[in-house]
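**Student:** Residue numbers (my numbering): 86 to 230. Beta carbons: idealized from backbone N, C-alpha and C, even for Gly. Being a predicted model, the structure only gives us computed values, none of them experimental. Take a look at the following structure, please.
Structural data, given as C-alpha cells:
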C-alpha cells in the first residue's frame with residue numbers, strides 16, 4: 086500500500102485490493118459498534134473512497150455520518166449509494182429521507198417517506214420491513230402527512 090511518484094512528480098494512489106478493503110470495513114464496523122464512531126467514520130470514508138460505486142460501503146459511510154449527527158454530509162453519500170442501485174436496501178431511502186427531514190428539507194423528506202411507505206407495503210411479516218414501515222409512518226406523522 087505504498088504510494089509511488091511518477092517521473093513528473095505526481096503522487097499516485099496506492100492500490101488496495103478487495104481483501105484489504107474488506108478488512109478495513111470490518112475494522113470500521115467493530116469501531117462503530119464499540120462506540121468509537123469518529124474513528125469508524127474515517128475508515129468508512131476511506132473504504133467508500135476506494136469503492137465509490139459500492140452501495141454497501143456508501144451506506145456504511147452515510148449511516149456513520151448520520152450517527153455522528155453529520156446529516157448534511159450524509160445526504161450526498163446516501164444519494165450516491167441509492168443512485169448506484171435504486172432497487173437496493175429500502176433502509177437507504179428511509180435514512181436519506183430522515184437526513185432531509187433533519188436538515189429542514191421537509192417537503193422532499195415527506196415525498197420520500199411516502200414513497201418508502203408504499204414500497205414497503207403493509208409489511209410482509211419481516212421484522213426489519215415492519216420497523217422501516219413504522220419509522221416512515223412516524224416521520225410522516227411528524228411532517229404532517
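Under 7 Å Cβ to Cβ from residue 151, same chain only, skipping five residues before and after it: list those, please.
**Tutor:** Along the chain shown, read from residue 1 onward, the residue named residue 151 stands at position 66. If we look at residue 151 and ignore the five residues flanking it on each side, its Cβ neighbours are 159, 180, 184.
**Student:** Identify which residue in 149, 214, 106 has its Cα closest to the Cα of residue 122.
**Tutor:** As a first step, residue 122 is located in the chain shown; it is residue number 37 there, counting from the start. Comparing Cα-Cα distances from residue 122 to each of 149, 214, 106, the minimum goes to 149.
**Student:** Nearest-angstrom Cα distance between residue 217 and residue 211?
**Tutor:** Along the chain shown, read from residue 1 onward, the residue named residue 217 stands at position 132. Along the chain shown, read from residue 1 onward, the residue named residue 211 stands at position 126. Going by the C-alpha atoms only, they are around 10 Å apart.
**Student:** How many Å lie between residue 172 and residue 215 at the Cα?
**Tutor:** Here residue 172 is taken as the residue at index 87 of the chain shown, counted from 1. Here residue 215 is taken as the residue at index 130 of the chain shown, counted from 1. About 18 Å.
**Student:** Taking 9 Å as the cut-off, decide whether the C-beta atoms of residue 140 and residue 170 are in contact.
**Tutor:** On the chain shown, position 55 is the one that residue 140 refers to. On the chain shown, position 85 is the one that residue 170 refers to. Cβ atoms of residue 140 and residue 170: closer than 9 Å.
**Student:** Could you tell me which of 213, 153, 110, 223 sits nearest to residue 182, measuring between CA atoms?
**Tutor:** Within the chain shown, numbered from 1, the residue matching residue 182 stands at position 97. Here the closest residue by C-alpha is 223.
**Student:** Taking the alpha-carbon of residue 200 as reference, which of 144, 221, 191 has the nearest alpha-carbon?
**Tutor:** Taking the chain shown and counting its residues from 1, the one referred to as residue 200 is at position 115. It is 221 whose Cα lies nearest to the Cα of residue 200.
**Student:** Residues in its own chain within less than 8 Å of residue 103 by CB, not counting five upstream and five downstream?
**Tutor:** For the purposes of this step, residue 103 is taken as the residue at position 18 of the chain shown. So the list is empty, once near-sequence residues are dropped.
**Student:** From the DSSP output, in three-state form, read off residue 108 for me.
**Tutor:** Residue numbering aside, residue 108 sits at position 23 when the chain shown is read from its first letter. In the structure shown, residue 108 sits in a helix (DSSP, three-state: H, G or I).
**Student:** Go ahead and pull the three-state DSSP assignment for residue 184.
**Tutor:** Translated into the one-based positions of the chain shown, residue 184 becomes position 99. In this structure, residue 184 counts as helix in the three-state DSSP scheme.
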